[in-house]
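A short write-up of the structure that comes next.
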Ligand SMILES: Cc1ncc(COP(=O)(O)O)c(C=O)c1O
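Structure, rendered in C-alpha cells:
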C-alpha cells in the first residue's frame with residue numbers, strides 16, 4: 000500500500016501549462032498580465048472589493064500590520080491580540096513592525112476565544128489577529144462585534160480559508176479590515192507559493208501595491224500599458240518591499256481557482272467520511288466546525304491522549320498525518336507568552352491533522368479512521 004500522506008497538492012496539469020504557455024509566449028512572467036487577471040477573478044469569486052496578489056501570505060500579513068500601523072499611527076510596542084495556535088508567520092508579522100503580540104486563548108474550535116480576547120485588552124491594544132484554523136470561522140462573528148465595541152482593527156489570517164463561506168453564502172473576508180489568503184502549494188487553492196491581501200478601501204489597496212513594490216508609485220506593467228513618452232518615469236515614495244506576485248504563479252492560481260469549490264466539496268465529503276469512521280469513539284475528539292460557516296476544510300483535526308505515540312503507530316500503519324500547530328509560546332522567541340493560554344497549550348499536546356487532499360479515496364479515509372481507533376484504544380487500555 001502507498002503511504003497515505005497529510006497533503007498532496009493536485010494540479011490540473013494540462014490546463015495549467017496552457018496558462019503558463021500564454022505568459023511565456025507573450026514574454027511576460029512578472030507582475031501584471033496574469034496577476035491582474037487573477038486579482039479580478041479572485042474579487043469576482045469572493046465578492047471582496049480589493050485584492051492585491053503577493054508572493055506569499057507571510058508577505059501579506061506583514062503588509063497588513065504595516066498598513067494599519069501607518070494609517071492609525073500606532074506606536075512601537077502597541078499590542079495586537081493573537082493566537083498561539085498558528086503558523087509562526089502570523090505572529091512574526093506583528094514583530095516585523097515592532098508591535099507586541101499578546102496571546103489570548105482558543106476555544107474548542109481552536110480559534111481565538113472572544114472571552115479571552117476581552118481579558119487581554121489594554122489601553123495599548125490596537126488590533127486582533129484572527130486565524131481561521133483549518134478553514135473554520137470559530138467565533139469570528141463575536142470577535143467582529145468585540146472589535147467594533149472596543150474600536151480595534153481586525154486582521155483575518157485567512158490562509159486556510161479560500162472558499163470558506165458564511166452560512167448565507169458570502170465568502171469570508173469582508174468582516175475584517177484586511178484579510179490575507181495563502182495559495183502556497185498545500186493550501187486549498189494551490190500554486191507553488193503566493194498569497195492575496197484584500198483591503199476594504201481603495202486607498203489602502205493602493206498603498207498595499209506600493210508597499211509590495213519597493214515604494215514605487217507605478218508598476219512596470221501599468222507603465223507598459225500607458226501612452227506616450229515618459230513611460231519610464233516613476234517616483235519612489237518610501238522604502239517598500241518586494242512582495243508582489245508574478246504571472247507564472249497567477250497562471251497556476253487561475254486554474255486552481257476554477258476548481259476550488261469542486262475541491263472543497265470533496266474535502267467536506269472526506270470530512271464526512273472521517274466523521275462516520277470516528278463516530279462513537281470517546282477517546283477521539285473531533286475539532287468542531289462552526290455552524291456559522293461552510294468551511295473550506297483545509298484541515299480535519301482530532302484530539303487524542305498520548306498523541307506522540309499515536310503518531311508513531313500511525314506511521315507504522317503507513318499513515319503520515321500532520322500537526323497544526325505547536326503552541327507558539329513553546330518556541331524560544333515567544334516564550335514570554337507561556338502559561339497564559341492553558342487551552343491552547345493542552346490542545347498543542349493532543350492535536351493531529353489527518354490526511355486531507357484531493358487524491359484520498361473513501362477506502363483510505365476509512366482505513367485511517369479504523370487504524371486511529373484501534374491505536375487509540377490499545378494505548379488507552
Ligand atoms: C495560518 C497560516 N498563516 C500564514 C501562513 C503563511 O502562508 P505562506 O506560506 O503563503 O506565506 C500559513 C502557511 O502555512 C498558515 O498556515
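In my numbering, the protein residues as written are 0 to 380. Beta carbons are placed, not taken as given, at the ideal position from N, Cα and C, and that holds for glycine.
Query	Result
With C-beta atoms as the reference, is residue 5 less than 8 Å away from residue 319?	yes
From what residue to what residue does the beta strand (DSSP E) around residue 126 run?	124-130
Considering only heavy atoms of ligand 1, does any lie closer than 7 Å to the CB of residue 105?	no
Using the Cβ count rule (16 or more neighbours within 10 Å means buried), how would you classify residue 33?	buried
In terms of alpha-carbon separation, which member of 3, 0, 2 and 21 lies closest to residue 254?	21
Give a yes or no on contact between the stretch 251-271 and the stretch 288-297, applying the rule of three or more CB pairs nearer than 8 Å.	yes
So is residue 288 buried or exposed if we call it buried at 16+ other beta carbons inside 10 Å?	buried
Taking the alpha helix (DSSP H) that residue 206 belongs to, which residues open and close that run?	201-210
For the putative contact between residue 51 and residue 92, defined by C-beta atoms under 8 Å, what is the C-beta separation to the nearest angstrom?	Actually they do not touch by this definition, with Cβ atoms about 16 Å apart.
Less than 7 Å between C-beta atoms, sequence neighbours within five positions excluded: which residues of the same chain meet that for residue 259?	161, 162, 187 and 188
What distance in whole Å lies between the Cβ atoms of residue 298 and residue 134, which are believed to be in contact at a cut-off of 8 Å?	7 Å
State the Cα-Cα distance for the pair residue 77 and residue 139, rounded to the nearest angstrom.	23 Å
Any heavy atom of ligand 1 closer than 7 Å to the CB of residue 91?	no
What would DSSP say about residue 156, mapped onto helix, strand or coil?	strand
Give the single residue among 352, 27 and 301 whose Cα lies nearest to the Cα of residue 281.	301
Any idea if residue 156 is buried or exposed, counting beta-carbon neighbours within 10 angstroms, 16 or more meaning buried?	buried
Can you tell me the Cβ-Cβ gap for residue 131 and residue 170, rounded? I've got them flagged as a contact below 8 Å.	That pair is no contact at about 12 Å.
Taking DSSP as the reference, what is the three-state secondary structure of residue 73?	coil
Hey, is residue 81 close to ligand 1, as in C-beta under 7 Å from one of its heavy atoms?	no
Around the Cβ of residue 332, are there at least 16 other Cβ atoms within 10 angstroms (buried) or fewer (exposed)?	exposed
Would you mind working out which of 218, 231, 250 and 226 sits nearest residue 239, comparing C-alpha positions?	218
Taking all protein chains shown into account, decide if residue 154 is buried (16 or more other Cβ within 10 angstroms of its Cβ) or exposed.	buried
Taking 7 Å as the cut-off, is the CB of residue 268 close to at least one heavy atom of ligand 1?	no
Note down the Cα distance separating residue 14 from residue 233, rounded to an integer number of angstroms.	36 Å
So what's residue 255 in DSSP terms, helix, strand or just coil?	helix
Taking 7 Å as the cut-off, is the C-beta of residue 356 nearer than that to any heavy atom in ligand 1?	no
Less than 7 Å between the CB of residue 71 and some heavy atom of ligand 2, yes or no?	Absence of ligand 2 is noted for the structure shown, with ligand 1 being the only ligands found.
For ligand 1, is there a heavy atom less than 7 Å away from the beta-carbon of residue 370?	no
With C-beta atoms as the reference, is residue 196 less than 8 Å away from residue 184?	no
Which residue wins for smallest C-alpha separation from residue 249, given the options 0, 39 and 173?	39
Under the DSSP definition of a beta bridge, which residues are partnered with residue 292?	165
Which ranges does the beta strand (DSSP E) cover as unbroken runs of at least 3 residues, wholly within the stretch 255-339, from first to last along the chain?	300-302
Can you tell me which of the three DSSP states residue 181 falls into?	strand
Hey, is residue 190 close to ligand 1, as in C-beta under 7 Å from one of its heavy atoms?	no
Of all the options 373, 352 and 59, which has the alpha carbon lying nearest to the alpha carbon of residue 3?	352
Any heavy atom of ligand 1 within a distance shorter than 7 Å of the CB on residue 221?	no
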